[in-house]
Amino acid sequence: MNRRLIVAVCLFLAAVLWWRLDIKSLQAAIEGQTARLSGSRLIAREVSLSLIHGVGLRLDQVSLNNPLLSMQAGHINIGIHLLPLLLGKIEVGTLDIHDATLKLDGDAAANLSASFASLPFERVHLIRSSIEDMRGISKLENIELDVRNIGPDREMLWEISSRQSDYSLHGHGQMAFRAGTVMSGFGKLKLTSIPASLLSVVAPTMLSDWFAGQSQRLSGGLTLDITRQRGWSLFGEVDAGGDEQHQPVRLRGKLSHPAAGELVWHDSFVHLDDRAVIALDGHCSQGQCESHLDARSMPVAAWLRLFPDAVDLPKTLAGKSRLEAMLRWHGDQWEASGSVRLNDASFSYRQQSRPLPALQLTVSELHGERNGWGGRAVITFPGIASEILLQADSSSAARVKHQPPSQSLLLTLASTKLADGVWQPFGNLLLSSLNIAPDLTGSGTMRAAVELQLQPQHSSLQLDLGADEARVAYAGQWEKPAGVVALCHGKVGWRSMISQPDGVQLDRCRVADAQLDTLAYHQKEKRESLALSGLTLDLDKLAERKLLLPDWLRLYHGRIEGSGQFDWLDGSGLLKRASGDWNLQQAGTFDWQLSGRVKVADGIFASDHLQLSGPLGQAELKGRFRATDRSGTINVLSGHLDWQALPGLPAGMADIHLAGHIAQGYVTALGYEWQGMSADYFMDQGHLVLKQGVVPFAGGQLQVDELMLTPVASSLRLDGKIRAKEVKLEQLPWLAEWLQADLSGKLGANIEVKGLFNQDGAVADMSAWQRSNGDLVVYSGSWLPRDSALRGLSAPGDFRKLQLRFRLQEQGVDIPSVELVRHGIRYRGQAAIAADGAISGGLKGGGAVTLQGQWPYPQWQPHLQ
1059 MNRRLIVAVC
1069 LFLAAVLWWR
1079 LDIKSLQAAI
1089 EGQTARLSGS
1099 RLIAREVSLS
1109 LIHGVGLRLD
1119 QVSLNNPLLS
1129 MQAGHINIGI
1139 HLLPLLLGKI
1149 EVGTLDIHDA
1159 TLKLDGDAAA
1169 NLSASFASLP
1179 FERVHLIRSS
1189 IEDMRGISKL
1199 ENIELDVRNI
1209 GPDREMLWEI
1219 SSRQSDYSLH
1229 GHGQMAFRAG
1239 TVMSGFGKLK
1249 LTSIPASLLS
1259 VVAPTMLSDW
1269 FAGQSQRLSG
1279 GLTLDITRQR
1289 GWSLFGEVDA
1299 GGDEQHQPVR
1309 LRGKLSHPAA
1319 GELVWHDSFV
1329 HLDDRAVIAL
1339 DGHCSQGQCE
1349 SHLDARSMPV
1359 AAWLRLFPDA
1369 VDLPKTLAGK
1379 SRLEAMLRWH
1389 GDQWEASGSV
1399 RLNDASFSYR
1409 QQSRPLPALQ
1419 LTVSELHGER
1429 NGWGGRAVIT
1439 FPGIASEILL
1449 QADSSSAARV
1459 KHQPPSQSLL
1469 LTLASTKLAD
1479 GVWQPFGNLL
1489 LSSLNIAPDL
1499 TGSGTMRAAV
1509 ELQLQPQHSS
1519 LQLDLGADEA
1529 RVAYAGQWEK
1539 PAGVVALCHG
1549 KVGWRSMISQ
1559 PDGVQLDRCR
1569 VADAQLDTLA
1579 YHQKEKRESL
1589 ALSGLTLDLD
1599 KLAERKLLLP
1609 DWLRLYHGRI
1619 EGSGQFDWLD
1629 GSGLLKRASG
1639 DWNLQQAGTF
1649 DWQLSGRVKV
1659 ADGIFASDHL
1669 QLSGPLGQAE
1679 LKGRFRATDR
1689 SGTINVLSGH
1699 LDWQALPGLP
1709 AGMADIHLAG
1719 HIAQGYVTAL
1729 GYEWQGMSAD
1739 YFMDQGHLVL
1749 KQGVVPFAGG
1759 QLQVDELMLT
1769 PVASSLRLDG
1779 KIRAKEVKLE
1789 QLPWLAEWLQ
1799 ADLSGKLGAN
1809 IEVKGLFNQD
1819 GAVADMSAWQ
1829 RSNGDLVVYS
1839 GSWLPRDSAL
1849 RGLSAPGDFR
1859 KLQLRFRLQE
1869 QGVDIPSVEL
1879 VRHGIRYRGQ
1889 AAIAADGAIS
1899 GGLKGGGAVT
1909 LQGQWPYPQW
1919 QPHLQ
């Protein structure tokens, strides 16, 4: 009987349950209850009955729309209490939301907290979900949220966690409700490397824009204190750091939300480092906010952390500053005013400190909004009669979707009268920023305007300077005296941040009588280019005006006018791809100067008439020279060279390759004036080779088929063949002096020369003349020793022909053939000159003649028959 009753009851309950399990009715009831959450609307694509964890519904492809949030979920499980359901009442227990994406604005969390009490669920569990802002940008991912004991007269408990590979968020707390109204609550949050931009989704609108633009990461602990509905306070300490190279910024204080639309912060501080503290006090009311900022004895270096990435000021700045400012904002628009005083300031370069003057920056106008900011200020210097007007404009533009905007800055400074106590130290600060030694010195006032444009990819610095009244010098390398005109407009560019410049442009520059219309330098990867336009440079006049030029420029003088361009790869040489048109007037070193017009195209230098002059001689040149392989064709139209004063060729001449024709040459060498020389020539590896050359000599001619001349220290090496025709011996006084004899006759010769001459024409080293040989013949001549004791038969005297063949050897000079025709008698024989100068030999003809004596004084001794 009992068993049958139990079975009957079970069947009855099953029938009732089956009748009550109307999916559409359950869905309608749940959607109706969910709508109590501030007008939410729940829509599911598929609804099915679930009996896995008791009786419930499974909703797939779910969307929830609310004025403050929207949600898209993979599926939702809703648990339903069984007993109330059997009695015809639908009561839900748990709400499990899986793989959901929630979109909400910054005020949603505060406004929805009170609505939680009206939810029909006892527990809400959010699993593997994420939160996005209203623009669809992901903020918090992998969220686990568990809210328990929900009800209008309960103490609701909550836990939240979000963990990614590089950050984590953990928190827990409770909220007490009475009749659906929040009475009290608290919470604890722990942040570990949370990107500040992610918190914009849970921050009030008044602060969310600030969070969204930050690249800082936040770590620390916060305590949430809820005193009444919509009233809360948040206090604690958080470190904000962008990278491991800098000490994190520490935020400390209390943020209160006393009523709807109001925020108050006081006793709040920003610690940029242990000694850099900014005190903050302020409030917001219905979106209108203001805050007072006060920082005393603030280290200058600490401010650098607050500048945008595009602003890369020297990291070696030191000193103390005092800030007093008022900041007001509404939404993303803001304005500020205040002043900053700088004392005991300095910068360092290579561990050496350089002082900067005290200054005060007074901001008269400063305003901004989401996409940029701008302002005006004036900089004054206590005790120095100088003033700088400053104007700044910054803008931002999104570089990549869903990434923070990039910043750019335009900063303009202008002063009509800048004292040396200002331009000298700040000019050195700028030089150190460009990694140039800050060794600028001087006195007097100058006019200056500076425009600094900083962008993420490329930045530039424009300067407009006038320094007529100032004395300006740099590191003992150059100096401009006061009273000398000096003005220039320049622009320097660099990539990403202040570093080695990749571009320099100068316009309308003038120093004394020197002027330059335009200079443009560009560097891209390994290629560099330099263009000059309208250059007029008279080095001699600059020296007369007492301008101290750089050491390398002091080696040159003369005047240069023209324009040109130079393009080169790293280490490839400046002139190889040069072009331009230059007019030279005695331009060069103090040894050699050039005058004339030179045209340059693709590294080839050409001139129709170029004068080369100096203490060693001068020449009129015409030709072309190619810088690529240091070769060219240059003709000598006319020229004079004093070889006796010419040093050895410089090392740089060894790899020059030249060829051409000498039309009219005049050379002082070997103690003789060689005039009217003509020859083809080429120069290679430090050797000068003359071909098919002719030069008048002593009433006759010297000819060369090929003769190589090589300067060696103070000597000249000769290697080649020389022919002499109709040379008059009486016009060779140096030969008569050498032989101590009066000579006459016409000389013909065919000589192969290998040896060294000193600058004075003397033989440098007899051993170097080995293998020289040749034939000599003198017609209708005489050889009369000046010593009367040696005259008569002891010398040839008058003769019709004297011919000999010689060869220089290690042991001396071998003369294998001697022929003398005298008074109708022909003598033939041979002779030799030993290494010590002893002469031996003999001739036979109408009689016998013995040759003896000591060179250069031969004696002819006849044998009487």
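In terms of the numbering used here, the sequence shown opens at residue 1059 and continues consecutively. Note that beta-carbon positions come from the ideal geometry of N, C-alpha and C, so glycine has one too. Keep in mind that this is a model prediction, so the values were computed, not measured.
A distance below 9 Å separates the beta carbons of S1587 and Q1623. With respect to the 9 Å criterion, S1422 and L1414 are not classified as neighbours on the basis of their beta carbons.
For G1479, there is no enclosing beta strand (DSSP E); the residue is found in the alpha helix (DSSP H) stretching over D1478 to S1491. Going by DSSP, E1678 is part of the beta strand (DSSP E) stretching over G1675 to R1684. For R1635, the number of other beta carbons within 10 angstroms of its own is at least 16, and it is reported as buried. Under the three-state reduction of DSSP output, Q1346 falls in the strand class. Shown here, W1841 sits in a strand according to DSSP, grouped into three states.
In this structure D1560 touches H1580 by the C-beta definition: roughly 7 Å separates them, less than 8 Å. In its chain, beyond the 5 residues on either side, D1339, G1340 and M1384 have a beta carbon closer than 7 Å to the beta carbon of H1350.
A direct Cα-to-Cα measurement between I1189 and W1361 gives close to 34 Å.
The three-state reading of DSSP puts V1358 in helix, counting H, G and I together. For L1588, no alpha helix (DSSP H) encloses it; the enclosing beta strand (DSSP E) starts and ends at R1585 to D1596. Shown here, K1604 sits in coil according to DSSP, grouped into three states, outside any helix or strand. The DSSP-derived three-state label of L1330 is coil.
Looking at the backbone, the Cα of K1786 and that of L1805 are separated by about 6 Å.
Under the three-state reduction of DSSP output, R1310 falls in the strand class.
Residue environment analysis places S1473 among the buried positions, since at least 16 neighbouring C-beta atoms fall within 10 angstroms of its C-beta. By a beta-carbon distance limit of 8 Å, D1211 contacts R1236. Their separation comes to about 6 Å. DSSP lists W1431 and L1467 as the beta-bridge partner residues of S1452. DSSP places E1795 outside any beta strand (DSSP E); the residue lies instead in the alpha helix (DSSP H), whose first and last residues are P1791 to L1797.
Our two residues, L1107 and L1115, have alpha carbons roughly 5 Å apart in a direct line.
In the DSSP assignment, Q1888 falls within the beta strand (DSSP E) that extends over I1883 to A1892. Taking C-beta atoms as the reference points, V1436 and L1400 fail to come closer than 9 Å. Bounds of any beta strand (DSSP E) do not take in P1539, whose DSSP letter is neither H nor E. The Cβ neighbour count for H1315, taken over all protein chains shown within 10 Å, is at least 16; the residue is labelled buried. Taking one beta carbon from each stretch, the segment 1835-1844 and the segment 1800-1814 have 3 or more pairs nearer than 8 Å; the two touch. Within the same chain, Cβ atoms closer than 6 Å to the Cβ of G1675 are found at H1698, L1699 and D1700, the five residues on either side in sequence being excluded. For F1864, the enclosing beta strand (DSSP E) stretches over residues G1855 to Q1867. With 16 or more other Cβ atoms from the protein chains shown falling within 10 Å of its own Cβ, N1486 counts as buried.
According to the DSSP assignment, N1135 belongs to the beta strand (DSSP E) that extends over L1127 to I1138.
Across the structure, I1208 and A1298 are spaced so that their CA atoms are roughly 35 Å apart. Excluding residues up to 5 positions away in sequence, D1478, E1527, A1528, R1529 and A1540 lie with their Cβ nearer than 7 Å to the Cβ of G1502 in the same chain. With respect to the C-alpha of G1229, the residue from S1223, A1677, L1203 and S1251 having the closest C-alpha is L1203. I1809 is bridged by DSSP to I1780 and G1832.
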